[in-house]
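Trainee:
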Amino acid sequence: MHDTLPLLEAVPFPPLQRSTLDTLQVNLGYQCNQSCLHCHVNASPQRTEMMDEATMALIPRVLTARQARTLDLTGGAPELHRGFRALVAQARAQGVRVIDRCNLTILSEPGQDGLAEFLADQRVEVVASLPCYSAANVDRQRGDGVFERSIAGLRQLNALGYGQPGSGLVLNLAYNPQGPSLPPNQQGLQADYQRELAQHFGVVFNQLLALANMPIQRFGSTLVSKGTFHTYMALLKASHQDANLPGVMCRSLVSVDWQGWLYDCDFNQQLGLPLGTAGVRRHLRDLLQADAPALDAPIRVAGHCYGCTAGQGSSCGGALDH
């Protein structure tokens with residue numbers, strides 16, 4: 072796989088400083104039941120990295136110490152971690168909002184019985200990956216049969232109240248472009264998704280989150296192999312909007328990898344760019360300190376950051392300019 076970090080570090084980006092920490096985004100491990108082309112984590116069924124129990128036990132303590140209001144769980148497929156449900160239940164008991172980055176097909180995996188019901192009982196917000204409302208496009212990007220299983224997962228969640236008016240059970244869908252292009256207008260695309268999914272499959276959801284593909288890991292390596300890396304970077308940089316800078320996710324978020332190391336965002340995690348002063352790695356346990364000096368350090372930036380500020384902008388919560 073091609074290393075895109077040297078290419079990205081050669082591209083300057085405006086300086087950023089963190090504001091108040093609101094979200095702890097935790098990657099529980101890189102194992103996944105899918106292997107997608109656009110995956111910036113390079114997750115797959117063959118990956119074995121998983122957070123250990125000692126590191127997992129720090130998460131509820133840090134949420135309390137830092138008064139973080141949101142726990143955002145990612146992977147891989149975070150639900151594959153054997154401690155996933157216990158962690159969710161503890162965070163919810165503390166009054167913390169929990170987001171599950173769910174690929175939908177995990178709901179029908181062996182050993183995941185009752186997962187959808189658990190998520191509903193805990194009132195977990197589900198962000199479900201569905202890169203298109205076309206079966207052919209989804210299966211091309213994610214594998215044969217993924218679209219059919221994804222629709223089955225959405226119907227299962229809908230039956231429990233997810234996405235239904237007045238239920239309070241939030242179901243958002245996440246869209247990624249098929250290749251090296253910017254996402255279209257989020258509002259217009261959401262209307263298309265809502266129409267097509269309702270008419271053809273009887274599926275409803277709350278909001279569509281349009282996310283740009285990041286030129287890192289598997290997707291970035293593919294760009295290099297095809298000779299389109301620099302073209303895509305030029306598109307991102309030319310589409311940069313200064314107005315998106317205040318809303319980028321890294322200003323209110325800290326990313327945690329499966330070993331407990333801290334990063335400014337999930338993308339920096341995959342590039343190996345740790346949070347804080349260069350050369351000093353910070354761990355989840357450091358956030359238990361009253362001062363947590365690493366949070367005052369400038370955010371580590373490079374060329375991939377244009378993926379968050381190009382066009383409408385792109386963050387874990389979708390477009391920045393709605």
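The opening residue of the sequence shown carries number 72 in my numbering; numbering runs sequentially from there. Think of the CB as a built atom: it goes at the ideal place given N, C-alpha and C, for glycine as much as any other residue. Because the structure is a prediction, the values reported are computed rather than measured.
Given that a residue counts as buried once 16 or more other Cβ atoms are within 10 Å of its Cβ, and exposed if not, what is His152?
Mentor: For the purposes of this step, residue 152 is identified with residue 81 of the sequence shown, where counting begins at 1. Its Cβ being crowded by 16 or more others within 10 Å, His152 is buried.
Trainee: At what residues does the beta strand (DSSP E) containing Gln261 begin and finish?
Mentor: Taking the sequence shown and counting its residues from 1, the one referred to as residue 261 is at position 190. Per DSSP, Gln261 belongs to no beta strand (DSSP E); it is in the alpha helix (DSSP H), Gln257 to Phe272.
Trainee: Is the closest heavy atom of the ligand SAH to the C-beta of Ile370 under 8 Å?
Mentor: No copy of the ligand SAH occurs in the structure displayed, which carries no ligand at all.
Trainee: Which complete beta strand (DSSP E) runs does the stretch 158-223 hold, if anything under 3 residues is left out?
Mentor: Counting only runs of 3 or more, we get 168-173 and 196-200.
Trainee: Looking only at C-alpha atoms, which of Thr176, Ile287 and Glu120 sits nearest to Val217?
Mentor: Residue numbering aside, residue 217 sits at position 146 when the sequence shown is read from its first letter. Of the candidates Thr176, Ile287 and Glu120, the one whose C-alpha sits nearest the C-alpha of Val217 is Thr176.
Trainee: To the nearest whole angstrom, what separates the beta carbons of Pro345 and Trp329, a pair I think is in contact under 8 Å?
Mentor: On the sequence shown, residue 345 is found 274 positions in, with the first residue counted as 1. On the sequence shown, residue 329 is found 258 positions in, with the first residue counted as 1. Contact flag wrong, Cβ pair sits at about 14 Å.
Trainee: Give the DSSP-derived three-state secondary structure of Ser310 in the structure shown.
Mentor: Here residue 310 corresponds to residue number 239 of the sequence shown, with the count starting at 1. Of the three classes helix, strand and coil, the one that applies to Ser310 here is coil, per DSSP.
Trainee: Looking only at C-alpha atoms, which of Arg322, Asp263 and Gly147 sits nearest to Asp93?
Mentor: For this step, residue 93 is matched to residue 22 along the sequence shown. If we check each option's Cα against that of Asp93, Arg322 comes out closest.
Trainee: Could you check if Glu219 is buried or exposed, using at least 16 other CB atoms within 10 Å of its CB as the buried criterion?
Mentor: Locating residue 219 in the sequence shown gives position 148, counting from the first residue. So Glu219 ends up on the exposed side.
Trainee: Using 8 Å for Cβ pairs, my map puts Leu95 next to Leu129. What's the rounded Cβ distance?
Mentor: As a working note, residue 95 is residue 24 in the sequence shown. As a working note, residue 129 is residue 58 in the sequence shown. Contact doesn't hold; Cβ gap of about 10 Å is too wide.
Trainee: What residue from Ser238, Ala368 and Phe290 has the CA that sits closest to Asp74's CA?
Mentor: Taking the first residue of the sequence shown as position 1, residue 74 is located at position 3. Of Ser238, Ala368 and Phe290, the residue nearest in Cα terms is Phe290.
Trainee: How many angstroms separate the CA atom of Asp171 from the CA atom of Val197?
Mentor: Taking the first residue of the sequence shown as 1, we reach residue 171 at position 100. Taking the first residue of the sequence shown as 1, we reach residue 197 at position 126. Approximately 5 Å between the Cα atoms of the pair.
Trainee: If I'm right that Leu99 touches Met121 with Cβ under 8 Å, what's the distance once you round it to whole angstroms?
Mentor: Residue numbering aside, residue 99 sits at position 28 when the sequence shown is read from its first letter. Residue numbering aside, residue 121 sits at position 50 when the sequence shown is read from its first letter. At roughly 7 Å, the Cβ-Cβ gap stays under 8 Å, so Leu99 and Met121 are in contact.
Trainee: Can you tell me the Cα-Cα spacing of Asp123 and Arg266, whole angstroms?
Mentor: Along the sequence shown, read from residue 1 onward, the residue named residue 123 stands at position 52. Along the sequence shown, read from residue 1 onward, the residue named residue 266 stands at position 195. Using only the alpha carbons, I get a separation of about 43 Å.
Trainee: Mapping DSSP to helix, strand and coil, what is Asn277?
Mentor: Your numbering for residue 277 matches position 206 in the sequence shown. Residue state, collapsed to three classes: coil.
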